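Comments concern the structure below.
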Amino acid sequence: DYDKELINDMRDQMREMGENFVDTVCTKAPEDSNCRQMVALYADRCEMYGCLQIDNVNYPVDEEYQPLSLPNPYQLDAAFTLFKNSASNPAKNGVKGQWMRFRNGKKHGDYHRFLIGLLAKGVTRKDGATDLEFLVNK
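As structure tokens, this is what we get:
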């Protein structure tokens with residue numbers, strides 16, 4: 163199963179990066195941000211095979227009505243960092259890297275399957291959300 167292989171590769175990559183993982187992801191984040199905290203939460207989840215699960219942030223952040231829910235940007239960056247550097251990235255594999263140029267478009271690539279995996283794990287219906295709000299978030 164591709165998802166299991168992808169998650170194992172991402173988890174292995176995180177372990178290889180070790181304590182530098184959080185530092186690598188948060189190097190460009192403002193010092194007063196919650197980047198380190200959010201990436202550490204993601205790392206704990208990834209260690210338990212949840213590398214495709216990302217927390218959502220409701221927007222607008224300081225408002226009572228928050229109709230938009232998007233992936234946490236720091237955790238999303240962490241997931242992309244792991245995928246980009248993992249064995250599942252076809253660009254890191256010489257044979258797969260050449261082959262992906264000749265496949266039937268972007269829809270069939272490993273990168274596309276990574277994105278679909280992130281989306282599938284991240285779409286949840288918030289309590290009280292209308293059908294329209296759920297559709298927009300989906």
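At the far end of the sequence shown sits residue 300, using our numbering, and the numbering has no gaps.
Glycine is no exception: its CB is placed at the ideal position from the N, C-alpha and C atoms.
Note that the structure is a prediction, hence the values are computed from the model and not measured.
- [ ] Using DSSP bridges, identify the partner residues of Leu-230.
- [x] Its beta-bridge partners are Tyr-221.
TODO: Starting from the Cα of Asp-217, find the closest Cα among Val-201, Lys-190, Gly-180 and Asp-185 and give me that residue.
DONE: Ranking the options by Cα distance to Asp-217, first place goes to Val-201.
- [ ] Would you kindly work out how many angstroms separate the C-alpha atoms of Met-179 and Lys-190, rounded to a whole number?
- [x] Using only the alpha carbons, I get a separation of about 18 Å.
Open item on the list: Could you give the first and the last residue of the continuous alpha helix (DSSP H) run that contains Ala-202?
Closed with: Per DSSP, the unbroken alpha helix (DSSP H) holding Ala-202 starts and ends at 197-209.
Open item on the list: Could you give the first and the last residue of the continuous alpha helix (DSSP H) run that contains Ile-216?
Closed with: Under the DSSP assignment, Ile-216 falls outside any alpha helix (DSSP H); it carries neither an H nor an E label.
Task: Beta carbon of Ala-205 nearer than 8 Å to that of Val-184 - done: Against a cut-off of 8 Å, the Cβ pair of Val-184 and Ala-205 comes out as a contact.
TODO: Starting from the C-beta of Phe-245, find all residues in its chain whose C-beta is less than 7 Å away, skip the five residues before and the five after it, and write them out in chain order.
DONE: Excluding residues within five positions, the ones whose Cβ falls inside 7 Å are Met-172, Asn-251 and Phe-276.
TODO: Determine the contact status of Arg-177 and Cys-188, defining contact as a CB-CB distance below 8 Å.
DONE: For Arg-177 and Cys-188, no; Cβs fall outside 8 Å.
- [ ] Could you tell me the distance, in whole angstroms, from the CA atom of Ser-248 to the CA atom of Ser-231?
- [x] Their Cα atoms are separated by approximately 28 Å.
Task: Leu-151 versus Asn-170, Pro-192, Glu-167 and Cys-213, residue with shortest Cα-Cα distance - done: There is no way to answer for residue 151, as the model of the chain reaches only from 163 to 300.
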